[in-house]
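>
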Amino acid sequence: MSTFKITQNGKDLKTGLTKQEALGQLFVVVEDFTNNNYVYDNENETIKSPSGQIIAKQGDEYVSAGDDYFEVEEENNEED
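Count along the sequence shown starting at 1, add 4, and that's the number in the numbering used here.
1. Helix, strand or coil: which one does DSSP assign to E29?
2. Using a Cβ-Cβ cut-off of 7 Å (strictly less than) and excluding sequence neighbours within five positions of D84, which residues of its own chain qualify?
3. Does N80 have its Cβ less than 8 Å from a Cβ in chain B?
4. So for E77, helix, strand or coil by DSSP?
5. For F37, which residues in the same chain have their Cβ closer than 6 Å to its Cβ, ignoring the five residues on either side in sequence?
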């Protein structure tokens with residue numbers, strides 16, 4: 005079974021997730037790890053910039069928030 009991870013600028017933040025879990029947690033991670041006041045609007049399932057502009061919608065696999073780039077990626081599951 006494939007596992008997925010959420011990265012910030014290429015650095016792993018959360019690993020060992022199903023794709024559905026990763027997509028469900030992506031926006032919370034963006035809000036928690038960005039220093040640019042990007043906000044997760046869970047009612048509308050969007051990420052908003054400090055100016056209120058929607059920059060991502062639920063189902064997106066990546067978010068570009070200022071200088072930060074968050075992405076859901078499949079993990080390399082190499083077997084020994």
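Just so you know, even glycine gets a beta-carbon here, dropped at the ideal spot from N, CA and C.
Values in this document were obtained by computation on a predicted structure and should not be read as measured data.
Taking the definition as stated:
1. Position check: residue 29 holds Gln in this sequence, whereas Glu was assumed. Correct three-state label for Q29: helix.
2. Only weak support is given to the placement of D84: the predicted model assigns it a pLDDT of 45, under 50, and the value that follows is read from those uncertain coordinates. Hits under 7 Å: none found.
3. In the displayed structure, chain B is absent; only one protein chain is listed.
4. strand
5. Q12
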